[in-house]
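When we follow the numbering used here, the leftmost residue of the sequence shown carries the number 2, and every step to the right adds one. Even glycine gets a Cβ: it sits at the ideal position worked out from N, Cα and C. Keep in mind that this is a model prediction, so the values were computed, not measured. Structure first, commentary second.
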Amino acid sequence: MIDIRGLQTFSLIDYPGKISCIVFTGGCNFRCPFCHNPCLVFDPSSQPRVTEPQFFHFLESRKRRLDGVVISGGEPTLHDGLPGFAARIRGEGFLVKLDTNGSRPEVLERMLNESLVNAFGIDYKAPAAKYAELTNVDDPELPVRVRRSIGLAAASGLELDVRTTVHRSLLSPEDLARMHGELKESGVKRWVLQQYNPVEVIDDELSCQPTYSDGELIRIAESLGPDVHVRGLTGRILNLKS
Ligand code: SF4
């Protein structure tokens, strides 16, 4: 069983190059200050539940209209039913993209071994030394586990979207340079900096504090290298080097 607390029936941007729907699972083991899904994190039961039979009934109606399903959250890998859920989606003929905070590499490993996933979206929240601060999880092993997840996904050859939400008060240009080096060591070939979105977030103070302008973020990405891209407020990928 997997606890589905939201379903977006159509997306053109969340699974690049594919037409997808998005399943939002309830609960998360992180408390990122910039999280824009606080209901799913703190109180998933406040959101209407979508049962698996309801979801698969919906999916049946979307055959030949959707390419795949993005499993997002919250944090999907916390749910023991995730591999079985993904297997059933694959069995119905749809692709699966897993969006994860990377904290449970053993789940990614299993899903890779069993061919249950076709693409990954993995957040890299902070340089390893600041991971506890930006996730509010006091576990020195956490950045090791996240980098292991990213390394597994990179080595798999599957499509991998590694992304970081950037706010000036949380990540300095020096932090971003450090992260870039850490990601390169993990085999990442492409990294996306996501502009902070001032909607409802866990730490309301963030939206009152100045962050990088789009121009500043673009300049930071350019200074880091051709493998660093910016995703704007619209969700559009700006390839700055082509
Ligand atoms: S941003 Fe993602 S990992 Fe962080 S608290 Fe929200 S759902 Fe969890």
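For residue 150, three-class secondary structure by DSSP: Reading the sequence shown from its first residue, position 149 is the one you call residue 150. Residue 150 falls in the helix class under three-state DSSP.
Is it buried or exposed, residue 185, if we count other Cβ atoms within 10 angstroms and call 16 or more buried? The residue given as residue 185 occupies position 184 in the sequence shown. Its Cβ having fewer than 16 others within 10 Å, residue 185 is exposed.
Quick one, what's near the ligand SF4 if you take every residue whose CB is closer than 7 Å to any heavy atom, in chain order? The set of residues with CB atoms less than 7 Å from any heavy atom of the ligand SF4 reads, in chain order, 29, 31, 32, 33, 35, 36, 38, 41, 42, 74, 75, 76, 102, 124, 136, 203.
If we ignore side chains and look at the alpha-carbon of each, how far apart do residue 44 and residue 8 end up? Working through the sequence shown from its first residue, we reach residue 44 at position 43. Working through the sequence shown from its first residue, we reach residue 8 at position 7. So the two alpha carbons sit approximately 17 Å from each other.
Does the Cβ-Cβ distance between residue 150 and residue 109 come in under 8 Å? Stepping through the sequence shown from its first residue, residue 150 is reached at position 149. Stepping through the sequence shown from its first residue, residue 109 is reached at position 108. In terms of Cβ geometry, residue 150 and residue 109 form a close pair [threshold 8 Å].
Given that a residue counts as buried once 16 or more other Cβ atoms are within 10 Å of its Cβ, and exposed if not, what is residue 58? Position 57 of the sequence shown, counting from 1, holds the residue named residue 58. Under this definition residue 58 is an exposed residue.
Contact under 8 Å by Cβ, residue 162 with residue 122: Here residue 162 refers to the residue found at position 161 when the sequence shown is read from its first residue. Here residue 122 refers to the residue found at position 121 when the sequence shown is read from its first residue. Yes, Cβ-Cβ distance for residue 162 and residue 122 is below 8 Å.
Go ahead and label residue 3 buried or exposed: buried means 16 or more other beta carbons lie within 10 angstroms of its beta carbon, across all protein chains shown. Residue numbering aside, residue 3 sits at position 2 when the sequence shown is read from its first letter. Classification for residue 3: buried.
Per DSSP, cross-strand counterpart(s) of residue 165: Stepping through the sequence shown from its first residue, residue 165 is reached at position 164. Answer is 194, bridged to residue 165.
Going by the beta-carbon positions, is the gap between residue 97 and residue 23 smaller than 8 Å? Here residue 97 corresponds to residue number 96 of the sequence shown, with the count starting at 1. Here residue 23 corresponds to residue number 22 of the sequence shown, with the count starting at 1. No, they are not a contact pair.
If residue 231 and residue 196 are in contact, beta carbons under 8 Å, what's the gap, nearest whole angstrom? The sequence position of residue 231 within the sequence shown is 230, counting from 1. The sequence position of residue 196 within the sequence shown is 195, counting from 1. Confirmed, about 7 Å.
Start and end of the alpha helix (DSSP H) containing residue 55? Position 54 of the sequence shown, counting from 1, holds the residue named residue 55. For residue 55, the enclosing alpha helix (DSSP H) stretches over residues 53-62.
Strictly by DSSP, which residues pair up with residue 46? The count along the sequence shown starts at 1 and reaches residue 46 at position 45. None, per the DSSP bridge assignment.
Under a three-way DSSP split, which group does residue 40 fall into? Counting from 1 along the sequence shown, the entry for residue 40 is found at position 39. Helix, per DSSP.
Can you give me the C-alpha to C-alpha distance between residue 209 and residue 199, rounded to a whole angstrom? Counting from 1 along the sequence shown, the entry for residue 209 is found at position 208. Counting from 1 along the sequence shown, the entry for residue 199 is found at position 198. Between residue 209 and residue 199, the C-alpha separation is close to 9 Å.
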